[in-house]
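In the UniProt record's numbering, the protein residues as written are 1 to 325.
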Amino acid sequence: MANTTDLNLRVVAGVKVPSPGFGAMGLSNAYGTSNDEESKKLLRHAIKIGLTFWDTADAYGNGHKLSTIYQLPAGSVLAEGDNRSKVFLATKFGHEFDPETRQSSGKIRGDADYVRQAVENSIKRLGTTPDLIYQHRVDPNVSLEETYGTLEELRQAGKFKYIGISEPSAETLRKAAKVHLRPGFAPAARELNIPIVAYSPLGRGFLTGRYKSHEDFEPNDRRRVHPRFSQEHFNNNLKIVEKLTALASKKNITPAQLSLAWVAAQGQDIIPIPGTKTIERLEENWASRDIVFTPEELAELRTAIDQFTVGGTRYPEQMLKHVEK
């Protein structure tokens with residue numbers, strides 16, 4: 001693994017993984033048009049430089065049908081040579097969608113039948129058993145005992161190695177830990193010795209400074225419907241980006257690198273997983289692992305963040321209702 005030291009490794013379920021990791025949602029059509037062949041080139045390069053903690057989900061997929069057992073770009077690249085042995089692969093389930101049309105029902109499911117179906121479909125699509133399975137969102141109508149009891153049965157059957165949870169409340173995290181999760185967000189997760197995988201550490205690309213107006217998003221980019229990026233809130237939220245850009249310039253790094261290094265500096269139990277579609281940005285993000293802040297720089301960053309109030313929620317209402325508080 002290239003350019004890896006203990007300082008920029010993190011431990012997930014007892015396994016050392018590199019930080020930052022790679023979030024794969026951008027390889028779908030979530031943020032405008034994507035291209036599978038370009039995605040494969042990107043992922044091959046990620047392996048080459050040692051960026052080998054990958055995070056994906058069954059809700060991603062670039063419009064491909066589960067019925068064709070299409071392998072995501074990640075699955076296709078992992079099937080090449082000995083690539084699979086080099087990557088720690090995480091995936092998620094929980095958003096119900098039609099396997100033929102790929103249309104979401106808008107429901108969250110954690111019942112035993114759906115858990116089994118979702119895990120099997122993920123294995124088929126990826127062409128391999130993942131290392132880690134997260135519940136993408138918690139189903140409020142199904143007990144954690146049913147969801148995590150089923151996951152534990154599947155884990156013992158060799159379908160995956162480790163179990164995780166995404167977007168829980170602190171209370172739910174503690175309950176889930178009693179059902180299954182073993183040692184191996186923040187106060188509750190640290191109390192339980194559970195690492196935190198920080199998705200969208202660049203604010204869905206906003207903190208890179210590359211977006212100057214709401215109209216910079218492609219017509220089919222889902223950020224257009226997120227209140228935080230609406231025309232109403234965009235200019236106000238851009239102020240924090242401008243402040244971070246100025247601080248990054250003082251340190252001769254990019255705003256993206258500043259943001260990623262800041263997230264990583266919050267603790268050895270936090271793993272940021274930025275995504276991208278280009279090798280250039282992949283390398284930019286990867287280089288953030290070598291950035292070290294002085295105590296004075298950390299204090300200046302904390303002051304800038306604490307003085308700013310973000311406008312708009314991070315999800316539309318219909319999506320926000322599935323996120324536990």
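Here a beta-carbon is modelled for each residue, glycine too, at the ideal position from N, C-alpha and C.
Whole-angstrom distance between residue j and residue i, CA atom to CA atom
i: residue 195; j: residue 132; result: 13 Å
i: residue 317; j: residue 81; result: 44 Å
i: residue 144; j: residue 79; result: 34 Å
i: residue 97; j: residue 117; result: 12 Å
i: residue 70; j: residue 304; result: Low per-residue confidence applies at residue 70: pLDDT is 35, beneath 50, and the placement is therefore not dependable, though the value from the model is reported in the following sentence. Between residue 70 and residue 304, the C-alpha separation is close to 45 Å.
i: residue 10; j: residue 293; result: 18 Å
i: residue 288; j: residue 300; result: 18 Å
i: residue 237; j: residue 323; result: 22 Å
i: residue 26; j: residue 277; result: 6 Å
i: residue 77; j: residue 307; result: 44 Å
i: residue 115; j: residue 142; result: 11 Å
i: residue 213; j: residue 263; result: 25 Å
i: residue 271; j: residue 265; result: 10 Å
Inter-residue CB distance, residue i and residue j (contact presumed, cutoff 8 Å)
i: residue 291; j: residue 246; result: With a Cβ gap of about 16 Å, residue 291 and residue 246 do not count as contacting.
i: residue 24; j: residue 52; result: No, residue 24 and residue 52 are not in contact; Cβ-Cβ is about 13 Å, not under 8 Å.
i: residue 58; j: residue 92; result: 7 Å
Reduced DSSP secondary structure (H/G/I, E/B, other) of residue i
i: residue 96; result: strand
i: residue 16; result: strand
i: residue 81; result: coil
i: residue 249; result: helix
i: residue 267; result: coil
i: residue 290; result: helix
i: residue 202; result: coil
i: residue 238; result: helix
i: residue 257; result: helix
i: residue 176; result: helix
i: residue 307; result: coil
i: residue 11; result: strand
i: residue 64; result: Annotation note: pLDDT 48 at residue 64 (below 50); position unreliable, coordinate value reported separately. Coil, per DSSP.
i: residue 319; result: helix
Option nearest residue i by Cα separation, candidates the options
i: residue 229; options: 177, 173, 311, 251; result: 311
i: residue 298; options: 281, 248, 279; result: 248
i: residue 54; options: 74, 48, 39, 41; result: 74
i: residue 168; options: 162, 176, 161; result: 176
i: residue 235; options: 309, 265, 90, 46; result: 309
i: residue 313; options: 259, 226, 16, 268; result: 226
i: residue 16; options: 86, 42, 46; result: 86
i: residue 160; options: 232, 89, 265, 43; result: 89
i: residue 166; options: 149, 122, 197; result: 197
Residue i: CB within 6 Å of a non-hydrogen atom of the ligand ADP
i: residue 259; result: Only the bare structure without any ligand can be found here, which leaves the ligand ADP out of the picture.
Neighbour flag for residue i against chain B, beta carbons, 7 Å
i: residue 314; result: Chain labels in this structure do not include chain B; a single protein chain is all it has.
With a cut-off of 8 Å, do at least 3 Cβ pairs link the region 238–252 to the region 207–220?
yes
Looking at C-beta atoms only, is the number of pairs between the region 121–130 and the region 14–27 that lie closer than 8 Å three or more?
no
Is the region 218–238 in contact with the region 273–284, if contact means three or more CB pairs nearer than 8 Å?
no
Are the region 143–160 and the region 31–40 touching by the rule of at least three beta carbon pairs closer than 8 Å?
Segments in contact, no.
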